[in-house]
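Q: First the structure, which I've put down as structure tokens, then a few questions once you've had a look.
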Amino acid sequence: MLEQIEFTTKSILEKTNQFKPQFGIILGTGLGGLVNEIKTDYAIPYKDIPNFPVSTVEGHSGQLIFGELGGKKVMAMQGRFHFYEGYNMQQVTFPVRVMKALGINTLIVSNASGGMNPSFEVGEIMIINDHINLFPTNPLIGKNINELGPRFPDMSEAYKKSYVELGKKIAKENNIKVSEGVYAGLSGPCFETPAEYRYIWRIGADVVGMSTVPEVIVAKHGGMDCFGISIVTDLGVEGVVQNVSHEEVQHIAKQQEPKMTLIVKEFVRLCND
Numbered sequence: 124m125l126e127q128i129e130f131t132t133k134s135i136l137e138k139t140n141q142f143k144p145q146f147g148i149i150l151g152t153g154l155g156g157l158v159n160e161i162k163t164d165y166a167i168p169y170k171d172i173p174n175f176p177v178s179t180v181e182g183h184s185g186q187l188i189f190g191e192l193g194g195k196k197v198m199a200m201q202g203r204f205h206f207y208e209g210y211n212m213q214q215v216t217f218p219v220r221v222m223k224a225l226g227i228n229t230l231i232v233s234n235a236s237g238g239m240n241p242s243f244e245v246g247e248i249m250i251i252n253d254h255i256n257l258f259p260t261n262p263l264i265g266k267n268i269n270e271l272g273p274r275f276p277d278m279s280e281a282y283k284k285s286y287v288e289l290g291k292k293i294a295k296e297n298n299i300k301v302s303e304g305v306y307a308g309l310s311g312p313c314f315e316t317p318a319e320y321r322y323i324w325r326i327g328a329d330v331v332g333m334s335t336v337p338e339v340i341v342a343k344h345g346g347m348d349c350f351g352i353s354i355v356t357d358l359g360v361e362g363v364v365q366n367v368s369h370e371e372v373q374h375i376a377k378q379q380e381p382k383m384t385l386i387v388k389e390f391v392r393l394c395n396d
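Just so you know, we're using the numbering used here here: the sequence shown kicks off at 124 and counts up by one.
Structure (structure tokens):
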């Protein structure tokens, strides 16, 4: 894997004239509009990046964006990779390894999710303060590569507390209602049954989705700090479970996109790490 990471990183640096980003951003379902706020210097389709998978999900454009956001240099993934697409965990998280190799120390992740917390409503924006890994495997299973991180990485602060507070402060100053809570990651691709929603809520999660957790695990393994934000696009509250489709998820996410974009843009501008 080390050779792949090095080769991909070298290729990206050649394609971007040695561009060195400070922040890595993974844009989830319906949230790709943030790229309109980035003063883009380079855009590279995934198919042109060695060792990169190609996103197969509608709403995920599939390119790396390099440029300036909030006065800082950023690299943004417009479209992520999912375990349910048939990729293994190393492929899903490979871009995070490359981000670290490029010198990025702060990862920003966003996603769409189903909400189980009874106080949540459709369109709720939730800042993630912790997660539960319910995927059937873990991206760190197998021989540990010491150059990439420790065998047993600490996950006591998967989402940096000061980042959570900064996100809430930005939302308050801009009159954006946000909550904070726990994200549970499942493999998908089917949406959850009412019984699964009940189970996930009772074990301590506020929302559930099919991404983010593997990316954050690998980021923490590499010593990166993480900020996560989620849009509740459907409800799995006991007694109020709704029919849901990918199209509806995209629609709700698109409606809330301007608020999410503002929070992330201001986060990058104000974050000193």
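Even glycine gets a Cβ: it sits at the ideal position worked out from N, Cα and C. Please read all numbers here as calculations on a predicted model, not as lab measurements.
Grouping DSSP H, G and I as helix and E and B as strand, with all else coil, what is M239?
A: coil
Q: How is P262 classed by DSSP in three states: helix, strand or coil?
A: coil
Q: Here's the rule: buried if 16 or more other CB atoms are within 10 angstroms of the residue's CB, otherwise exposed. What is K292?
A: So K292 ends up on the exposed side.
Q: State the DSSP-derived secondary structure class of A318, mapped to helix, strand or coil.
A: helix
Q: Give the secondary structure of W310 by DSSP, where H, G and I count as helix, E and B as strand, and everything else as coil.
A: Reading the sequence as shown, one finds Ser at residue 310 and not Trp. Correct three-state label for S310: coil.
Q: Please work out which residues of its chain come closer than 6 Å, Cβ to Cβ, to R220, disregarding the five sequence neighbours upstream and downstream, and give them in chain order.
A: I128
Q: If you draw a straight line from the C-alpha of M333 to the C-alpha of I255, how long is it?
A: 12 Å
Q: Does the beta-carbon distance from P176 to F204 come in below 8 Å?
A: yes
Q: Smallest Cα separation from V215: which of E319, N261, Y286?
A: N261
Q: Buried or exposed for S310, going by 16 or more other Cβ atoms inside 10 Å?
A: S310 is exposed by the Cβ-count criterion.
Q: Which of the three DSSP states, helix, strand or coil, is assigned to Y165?
A: strand
Q: Could you tell me the alpha carbon to alpha carbon distance between V360 and G226, rounded to whole angstroms?
A: Near 41 Å, if we compare the C-alpha coordinates of G226 and V360.
Q: With distance defined between alpha-carbon atoms, name the residue in E160, P273, F130 nearest to I188.
A: The closest CA to that of I188, considering only E160, P273, F130, is found on E160.
Q: Provide the residue span of the beta strand (DSSP E) that contains A199, from first to last.
A: 195 to 201
Q: Which residues in the same chain as I386 place their Cβ atom closer than 8 Å to its Cβ, once the five residues preceding and following it in sequence are excluded?
A: Excluding positions up to five away in sequence, the list reads I248, G290, I293, A294, N297, I299, V301, I352.
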